[in-house]
Structure formats: structure tokens, C-alpha cells
Amino acid sequence: MQSIRQIYKIGKGPSSSHTMGPERAAGVFRSSTPEADRYRVILYGSLSKTGVGHGTDRVLVQELSPVPTEIVFGGDSPEGCHPNTMDFFAEKDGTQIGFLRAESIGGGDIRFPGSTIADDPDVYPENSFSEVSRFCKWNYIPTLSRFVELREGPEIWDYLAQVWKVMKQAIQDGLSVTGTLPGGLNVQRRAQFLLSQHSPTEAEPVRECRHISAYAFAVAEQNADNGTIVTAPTCGACGVVPAVLKYFQDTRNASDEQILRGLAAAGLIGSITKKNASISGAECGCQAEIGTACSMAAAALAEMYGLELDQVEYAAEIAMEHHLGLTCDPICGLVQIPCIERNAVAAMRAMNACNLSYFLYTTRNISYDMVVKAMRDTGINLREQYRETSEGGLARIYETI
Numbered sequence: 023m024q025s026i027r028q029i030y031k032i033g034k035g036p037s038s039s040h041t042m043g044p045e046r047a048a049g050v051f052r053s054s055t056p057e058a059d060r061y062r063v064i065l066y067g068s069l070s071k072t073g074v075g076h077g078t079d080r081v082l083v084q085e086l087s088p089v090p091t092e093i094v095f096g097g098d099s100p101e102g103c104h105p106n107t108m109d110f111f112a113e114k115d116g117t118q119i120g121f122l123r124a125e126s127i128g129g130g131d132i133r134f135p136g137s138t139i140a141d142d143p144d145v146y147p148e149n150s151f152s153e154v155s156r157f158c159k160w161n162y163i164p165t166l167s168r169f170v171e172l173r174e175g176p177e178i179w180d181y182l183a184q185v186w187k188v189m190k191q192a193i194q195d196g197l198s199v200t201g202t203l204p205g206g207l208n209v210q211r212r213a214q215f216l217l218s219q220h221s222p223t224e225a226e227p228v229r230e231c232r233h234i235s236a237y238a239f240a241v242a243e244q245n246a247d248n249g250t251i252v253t254a255p256t257c258g259a260c261g262v263v264p265a266v267l268k269y270f271q272d273t274r275n276a277s278d279e280q281i282l283r284g285l286a287a288a289g290l291i292g293s294i295t296k297k298n299a300s301i302s303g304a305e306c307g308c309q310a311e312i313g314t315a316c317s318m319a320a321a322a323l324a325e326m327y328g329l330e331l332d333q334v335e336y337a338a339e340i341a342m343e344h345h346l347g348l349t350c351d352p353i354c355g356l357v358q359i360p361c362i363e364r365n366a367v368a369a370m371r372a373m374n375a376c377n378l379s380y381f382l383y384t385t386r387n388i389s390y391d392m393v394v395k396a397m398r399d400t401g402i403n404l405r406e407q408y409r410e411t412s413e414g415g416l417a418r419i420y421e422t423i
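Using our numbering, read the sequence shown as starting at 23 and increasing by one per residue.
#1: Mapping the DSSP letters down to three states, classify residue 399 as helix, strand or coil.
#2: Can you say whether residue 228 is buried or exposed, counting buried as having 16 or more other CB atoms within 10 angstroms of its CB?
#3: Pull up the distance between the alpha-carbon of residue 144 and that of residue 331, whole angstroms please.
#4: Quick check: is any heavy atom of the ligand ATP less than 6 Å from the C-beta of residue 254?
#5: Can you grab the Cα-Cα spacing for the pair residue 137 / residue 88, in whole Å?
#6: Provide the residue span of the beta strand (DSSP E) that contains residue 108, from first to last.
#7: Using the C-alpha atoms, what's the distance from residue 226 back to residue 29?
#8: Could you compute how far the alpha carbon of residue 194 sits from the alpha carbon of residue 268?
#9: Which residue from 396, 171, 367, 277 puts its Cα closest to that of residue 187?
#10: Exposed or buried, what is residue 247 when buried is set at 16 or more other beta-carbons lying within 10 Å of its beta-carbon?
#11: Out of curiosity, what's the CA-to-CA distance linking residue 65 and residue 37?
#12: Less than 8 Å between the CB atoms is what I'm expecting for residue 351 and residue 261, so what's the real figure, rounded?
#13: Just to confirm the assignment: which complete alpha helix (DSSP H) runs, minimum length 4, are found wholly within the segment 189-268?
#14: Once you ignore the five residues that flank residue 119 on each side, which residues in its own chain have a CB closer than 8 Å to its CB?
#15: Alpha carbon to alpha carbon, how far is residue 358 from residue 209?
#16: Rounding to the nearest angstrom, what Cα-Cα distance links residue 101 and residue 78 in this structure?
#17: Leaving out five residues before and five after residue 360 in sequence, what residues of the same chain have Cβ atoms less than 7 Å from its Cβ?
#18: Taking the alpha-carbon positions, what's the residue 346 to residue 291 distance?
#19: Relative to the alpha-carbon of residue 324, which residue among 280, 171, 309, 310 has its alpha-carbon at the smallest distance?
#20: For residue 22, list the residues DSSP reports as bridge partners.
#21: Comparing C-alpha positions only, which one of 372, 70, 344, 341 sits nearest to residue 95?
#22: Helix, strand or coil: how does DSSP classify residue 32 here?
#23: Assuming residue 51 is part of the alpha helix (DSSP H), what are its boundary residues?
#24: Under a Cβ-count criterion, where at least 16 other Cβ atoms within 10 Å of its own Cβ denotes burial, should residue 309 be classed as buried or exposed?
#25: May I ask which residues mark the beginning and end of the beta strand (DSSP E) holding residue 309?
#26: Compare the Cα-Cα distances from residue 236 to each of 222, 214, 250 and report the closest residue.
#27: Could you check which residue in 264, 127, 306 has the C-alpha nearest to that of residue 289?
#28: According to DSSP, what are the bridge partners of residue 95?
#29: How about residue 420 and residue 349: are their beta carbons less than 7 Å apart?
#30: Pick from 302, 373, 362, 104: whose alpha carbon is nearest that of residue 326?
Quick look at the structure:
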């Protein structure tokens, strides 16, 4: 299993699969064909159907400039390929001199099928939560964060410190501005408004919901506006984890060290999910993005509260189980409706999942590995129009009004 660094990537929105991944693939191809005088990129599947809304064509042209680049929207993905597949062609004096097929598999990660380009190396011999749990219990490792440090090395804390710094900045930036998000839907920024709606008689549960939601809106709106965020595990779900962690720090006076331990636990949950299922909306629907983010946030909370390993697992399991079947149906291919609100809803659900795990973990029947497998099976069997194509659900209904 790969490093949790592959779950937390710092970059610009609005989509890890549609902008960050293609940008990375284009950079790899450009470096291998520096003599090219023309590029052509064919986008397939979800990249073809929602690439304009997500800015895929824009980021590819920018990354391959100043060489002229033609973007072709090629329809469905070739058989056997990931829904986010793209083919790169390089020409010199009218003759093809290079070709590369790339798959954007979620969270900004790229796979090159049939290529000699090596994937990022594994740093964990464990590939499931049950394997992690067994190792920890046999070796008297009480927390997931200590396990992460053992496998990743102490330098992981410097990396997570930078991740947390960017997350907090995204919240601050998102709360400092108002106005309309780009893209044509006329979606108003609402984070600042949410945070300001306090009253002397406000009940504590309402205040909690308002603050957590404001933080989630702030980050998700920054993402929608091409701002700098951290994938957690994706751009579309980037507001869930920072919102929960920021509220925890605000209300518990938690140190940054405590927050980083929560990030470590969350990153491990994200890595397990990515290894055994998917974090790609185009492959498994929004359950793979928001569902995973909710599980990550719930596990982070349980870790920071000092709950036992089984309680941390149960918190993550509850969070994922109740996102099963969630479709990815962004209106106009933009990461705005329903994406932004979903970040806030999932952040609140993470809080509830953690609370339930504290009381009920001895009664559970489902493991995290089981619910991850169910998520993958559910996602693969979702009809294609509900997997980030903007051809079903809210996207279709919106277009018919």
C-alpha cells in the first residue's frame, strides 16, 4: 500500500481527477517528447463528458504550452480502461513521434497502462484494515498514528504539518471572500454568511453545525474557484476533513500535534480505501469521494479523542456504510452542485459516526474492509450516468428545467 502522501496532495481545484491528474500526465509526456512541435490529446469517458466544466482542456493546454495542443473529446473510454482515460500524441514535422495512454484514477494519481513508467512505491506491507489492526495488536501499537509513523518514518510529520497549514489557509481564504463562483451556475459563496449567522440564543448543536458547515463550505468553495487546497482524498471532497479538524481544534484547544495525528489516521483510512476500492467518482460514484472523506474524518476524530483501535475502525465503517450508493451527478460538470453542500453534510456525519462508535463498537457486525468491498461492488454496478458524467440525477433534471 502506498504512502498517505498520495492521499494528501497540495494543488489547485476544481478536480483531482480532471485537472490535477491530467496536468501531471501531460507533464510526464511533455518531458518525454521535448522535441514535439504539436500535441493532440484525446479524452475519454468522464474526462470527455465533463472535461469542459472541470477545466481539463484548459489545464492540458496550459501544461503543454507553448507547443500547440489539440484537445479531442472522444466519448466513451476504450474497453477495459478506467473511465478517466486519455491518449497523448506528439508530432514533429507532421510525423507522430510519441504516444502515451494515461488513466486518472482519483486523487490526482495517474496510471500508465502498458508503460514502463513506474508507479509510486509501496511503503506499507499491509493492504487492509484487518492486517493493520492485527499488526498493531500483536506489536502493542495503540494508535493508527503511531503505526503510520513506524511505516512512513518521522519525516511524515513535517509533510502533514504542511498539509495542515494549507488546509487552514484554505478555510481562512474561503471565509474571507464573497461573490459568485465561476462556471455560469451563479452559485453564491456562502461560507462567510454561514459563519456570521450567530445569535445569543443559539443552541449548541446549531452552533456546531453552522461552524463545521462554514469551514467545509469555505474549502469547497475555494476548490470550485480554482484555489489551492489539499486532496482529502480528492478535490471534490476536500472540505470534509479540514472542517472537522478545525472545529475540533477550536473547541478542544487541541495542539497542531494532535491534529497531525488525526491526519495520519485519516490518511491511512484513505489509503486502505484507495487500495481496495476507489477514490474516483468516475469509477465508483460520489461514495468513493465523499464517502471516503467522511470515513477519514470520522477516524481522525476517533484518533484525536483517544479511542481504541476498534472504535476508530467502527467510526470509519459507519461513515462509509451510510454513503453507499451515493451518485456523482455534478450539474454542468462543475464541482459545485451538489458537491459543496455534500462536504458540509459529510463533515457533520463524521461527527455523528465518531460519537456512535464510542458507545456501540462492541455491537458491530461489519468491518471496514467489508464496507469498502461493498462500496467498490456498488460503484462498479452504478449505471454510467451516475458516475461523474453529468448525464443522470441532478445534472439531468437541471438540464430539463
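We put the CB at the ideal spot given by N, CA and C, even for glycine. Only a predicted model underlies this, so the values are computations on that prediction, with no experimental measurement involved.
Result, derived from the coordinates:
#1: The three-state reading of DSSP puts residue 399 in helix, counting H, G and I together.
#2: Counting the other Cβ atoms within 10 Å of the Cβ of residue 228 gives fewer than 16, which makes it exposed.
#3: C-alpha separation (whole angstroms): 23 Å.
#4: The ligand ATP is not among the ligands present in this structure, which contains no ligands whatsoever.
#5: Their backbone Cα atoms lie some 26 Å apart in a straight line.
#6: Unbroken beta strand (DSSP E) run through residue 108: 107-114.
#7: Distance between the alpha carbons of residue 29 and residue 226: 33 Å.
#8: One C-alpha to the other measures close to 11 Å.
#9: When only C-alpha atoms are compared, the closest one is 277.
#10: Label assigned to residue 247: buried.
#11: Note on geometry: alpha-carbon atoms of residue 65 and residue 37 lie some 15 Å from one another.
#12: About 18 Å; that fails the 8 Å criterion.
#13: Within the segment 189-268, the complete alpha helix (DSSP H) runs of at least 4 residues are 213-218, 226-246.
#14: Same-chain partners within the cutoff: 55, 57, 58, 112, 113.
#15: If you take the alpha carbons of residue 358 and residue 209, they lie about 7 Å apart.
#16: Rounded to the nearest angstrom, the two C-alpha atoms are 22 Å apart.
#17: The residues are 416.
#18: Within the model, the alpha-carbon separation for residue 346 versus residue 291 is close to 16 Å.
#19: A check of alpha carbon separations from residue 324 across 280, 171, 309, 310 identifies 280 as the nearest.
#20: As shown, the chain starts at 23 and ends at 423. That puts residue 22 outside it, with no answer to give.
#21: Closest in alpha carbon position to residue 95, among 372, 70, 344, 341, is 70.
#22: Three-state DSSP puts residue 32 in a strand.
#23: From DSSP, the alpha helix (DSSP H) with residue 51 extends over 43-54.
#24: Classification for residue 309: buried.
#25: Neither: residue 309 is in no beta strand (DSSP E) and is coded neither H nor E.
#26: Distances from the alpha-carbon of residue 236 to those of 222, 214, 250 put 214 closest.
#27: Nearest neighbour of residue 289 by Cα position, chosen from 264, 127, 306, turns out to be 264.
#28: BP columns for residue 95 point to 65.
#29: Taking C-beta atoms as the reference points, residue 420 and residue 349 fail to come closer than 7 Å.
#30: With distances taken between Cα atoms, residue 326 lies closest to 373.
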